[in-house]
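The sequence shown maps to residues 21 to 320 in the numbering used here.
Below is one structure; the comments refer to it alone.
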Amino acid sequence: GDGAGPVVLLLHGLSGSAESGYLRGLQQALARRGFRAVALNFRGCSGVMNDTARCYHSGETGDLDFVMRTLRSRETGSLIGAVGFSLGGNMLLKWLGEQGNRAGVFGAAAVSVPLQLDICATRMDAGWSRMYRNRLLHELKAYLSAKRAHLERIGRTEEARRIENLGDWWGIRSFWEYDRRVVAGLYGFRDAADYYERSSARQFLGAIRHPTLILQALDDPFMTPAVLPEADELSAEVLIEVSRHGGHVGFVEGLEHGRPRYWLDARIPDFLDDCLDASHPIGKLCGTAHLKRSHQQQNL
């Protein structure tokens with residue numbers, strides 16, 4: 021959007037980018053409602069390699085914090101919100117909990133969030149979820165190969181060696197193995213379990229101090245209902261809505277002119293508008309009572 025409307029930062033998911041379709045669609049929907057949406061590419065996701073072995077992971081909130089501080093300094097006087105999808109949603113919720121009152125956002129939303137990473141990693145090894153696992157792992161391993169070649173080409177031999185020392189990553193067959201060897205190896209976690217324990221956003225939900233909407237689907241192939249928090253895990257500012265159907269970052273509610281119409285493109289702007297409306301009882305929508313009701317929702 022143009023002008024002086026509120027700024028909304030969008031965060032993509034694993035192996036995505038600022039050009040991902042779900043981000044582009046929401047950007048357009050937000051612009052129609054007067055928001056100025058900006059999408060963040062995590063390190064190495066813009067099509068241009070960064071020059072170190074590090075890139076990003078579910079719990080890496082340092083880059084997000086830097087971008088939010090930069091936005092606040094450049095957009096003095098502007099309200100700032102944020103929306104994260106999948107891995108980006110986990111990152112956003114973790115950051116919101118870490119920051120507490122310091123987050124300084126007028127509202128936030130997170131979609132299809134792997135709130136408990138160990139459960140999600142195990143789920144990806146079962147049934148037809150393995151199809152998604154195999155595709156994502158292939159993309160991640162291809163990225164490692166390209167990153168190593170890039171680092172060698174620009175003379176960053178020590179950084180290239182860090183990737184080389186991870187071993188034969190082409191043989192990795194599960195997220196547990198990938199996160200044990202690659203994420204733990206590059207980011208200093210003891211193992212995959214340590215990474216999952218320290219990076220899962222579920223444990224941070226009670227510390228969130230700004231209006232936050234979480235949208236989940238019971239048929240999400242990346243997770244099970246076991247990732248959903250209990251009512252007493254939420255702060256009063258967190259609203260969670262769970263639909264029976266929606267898949268992973270899907271939530272198609274019908275067709276419009278022969279193209280899918282996505283419920284998210286209406287629900288998220290509606291929520292952010294409500295956060296800006298001083299007369300809207302947003303506080304009454306958040307917290308334990310709505311969590312219990314939302315589990316009964318039908319198709320969206």
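Ideal placement from N, C-alpha and C gives every residue a C-beta, glycine not left out.
Note that the coordinates shown come from a computational prediction; the quantities given were computed from them, not determined experimentally.
Per DSSP, reduced to three states, the secondary structure at Glu-39 is coil, with no helix or strand assignment. Only residues of its own chain outside the window of five on either side were considered, and among them Ala-130, Val-131 and Val-133 have a CB closer than 6 Å to the CB of Gly-109, listed in chain order. Within the same chain, and ignoring the five residues on either side of Ser-40 in sequence, the residues whose Cβ sits closer than 7 Å to its Cβ are His-32. The Cβ atoms of Leu-206 and Arg-182 sit closer than 8 Å to each other. Counting along the chain, the unbroken beta strand (DSSP E) around Ile-260 starts and ends at 258-263. When rounded, the separation of the alpha-carbon atoms in Ala-123 and Val-28 is 14 Å. Ranked by how close their Cα comes to the Cα of Ser-263, the residues Ala-146, Leu-238 and Val-247 have Leu-238 in first place. Classified as buried, Pro-231 has 16 or more neighbouring CB atoms from the shown chains inside 10 Å of its CB.
Within the same chain, and ignoring the five residues on either side of Gly-270 in sequence, no residue has its Cβ closer than 6 Å to its Cβ.
Residues of the same chain with a CB within less than 6 Å of the CB of Met-144, apart from the 5 flanking positions on each side, are Arg-153 and Phe-195 in chain order. Annotated as proximal: Leu-156 and Ser-35, with beta-carbon spacing under 8 Å. For Pro-280, there is no enclosing alpha helix (DSSP H); the residue is found in the beta strand (DSSP E) stretching over 279-282.
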